[in-house]
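Asker: Read in the working numbering, the sequence shown has 124 at position 11, and its numbers run on one by one without any break. All residues carry an ideal CB built from backbone N, CA and C; glycine is no exception.
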Amino acid sequence: MTKTIPAEVVEHLRNAVRVAVLTGAGVSAESGLPTFRQAQTGLWSHYDPTELATPEAFLRNPRLVWDWYAYRRRMAREAHPNPAHYALVTLEQHAANFTLITQNIDGLHRRAGSQSILELHGNLERIRRFDSGTDVETWDDDGQTPPRCPQTGELLRPSVVWFGEALPQQELRMAYSVAEQSDLFLAVGTSALVQPAASLPLIAKRAGAYVIEINPEETSLSVIADCCFRGKAGVVLPILVRQAFGETEEAVG
Ligand code: OAD
C-alpha cells in the first residue's frame, strides 16, 4: 500500500466512541476463500446461484445444494483467520463500543476472537429444519444427503440466507441501529452490491459517521466514503491499527 495514513483517519480510529465495521468476502480472500463476484476467481463466475443458493434450487435438488455447502463448510474449517481478522479483534479491544457486521458465513471472525458480531447472512456451521426453520442443536451426517431431522423427518438445510429469502430480522434491526449510531464506519472487502447490507454505510454516512472503505477495487461506496484505501484488507487493517494504537495482532496459524 503506497498511501500514507491521513492524520484524520488515525484520529477517528483513536477517538471514535461507536465503531461499526461491515465486512464481505474480500476479508476472507487472504485466508484462501474465494469471493463471489470477482472475474475468474469469484464463486458466481463458476457456479450459478439460481442452481445453488435459492430455496427453489434446494427443493429441486437438495443433494446438490447440501453438498455444495458441505464443500464450503470444509473449506472454511480448513482456512485460518488472516491479519485482517486479527486487526479487527485489536480494534474491538480499543473501541469503547464496537460492532462487527458481517456478510460472511465462514465463521473466521469468531475464530480470530471477535466478540460482538452480527452475522447478516447466517453461518455455515448452523443447520436448521427446512419447513419449520427451527435450528437443530446436533445433526448427524449419516451418508444421506441431505440428512433429515431424526424427530420430524424434515430435510435439514444450512442456516444461511439464500437469494429471495429475508435476512434474520433481529440481526438486521440491530445492524441498522448500529450503523445509525456509529461515529466511525469501516466497509471492508465488500462489493456493496447486495442489499440490505450495502445500505448500511450509507445510513451511517447520512447520520454523520466518518466512513472508511478498504478494497483493492472501487465500489459504489467509494464516492460517499471519507477515505478509501485501495489495498488488501490483510495489509491495510494491520497498518491502521498499528498507527492508531501502536500494536497489531498478526495471523498465528
Ligand atoms: P463480493 O464477491 O461481491 O465482493 C468482494 C469484494 O472484496 C470485491 O469488491 C473485491 O474487490 C474485494 N476484495 C477482494 N480481495 C480483497 C482483499 N484481499 N481485501 C479487501 N477486499 C478484497 O462479496 P460480498 O460483497 O461479500 O450473499 O458479497 C455480498 C454477498 O453476495 C455475499 O454475502 C453472498 C453473495 O451472494 C449470500 O450468499 C446471501
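Return the first residue and the last residue of the beta strand (DSSP E) that N210 is part of.
Answerer: That run of the beta strand (DSSP E) goes 210-215.
Asker: In terms of residue numbering, what span does the beta strand (DSSP E) encompassing F358 cover?
Answerer: Element bounds for F358: not the beta strand (DSSP E) but the alpha helix (DSSP H), 346-358.
Asker: For ligand 1, I want to know if H222 counts as a neighbour, meaning its beta carbon is within less than 8 Å of at least one of the ligand's heavy atoms.
Answerer: no
Asker: Can you tell me which of the three DSSP states E205 falls into?
Answerer: helix
Asker: To which residues does DSSP link F297 through a beta bridge?
Answerer: The residue you asked about is not Phe; residue 297 is Leu in the sequence shown. In DSSP, L297 forms a bridge with V132, Y323.
Asker: Looking at the strands, I want to know which residues DSSP matches up with R270.
Answerer: R241
Asker: Cutting at 6 Å between CB atoms, please list the residues of its own chain near A138, excluding the five before and the five after it.
Answerer: T148, F149
Asker: Using the Cβ count rule (16 or more neighbours within 10 Å means buried), how would you classify R127?
Answerer: Exposed is the label assigned to R127, since fewer than 16 other Cβ atoms lie within 10 Å of its Cβ.
Asker: Taking Cβ positions, are K345 and A197 nearer each other than 9 Å?
Answerer: yes
Asker: Looking at the structure shown, is I118 part of a helix, part of a strand, or coil, going by DSSP?
Answerer: coil
Asker: Please name the residue in V274, P260, M188 whose C-alpha comes closest to that of T167.
Answerer: Nearest C-alpha to T167 among V274, P260, M188: V274.
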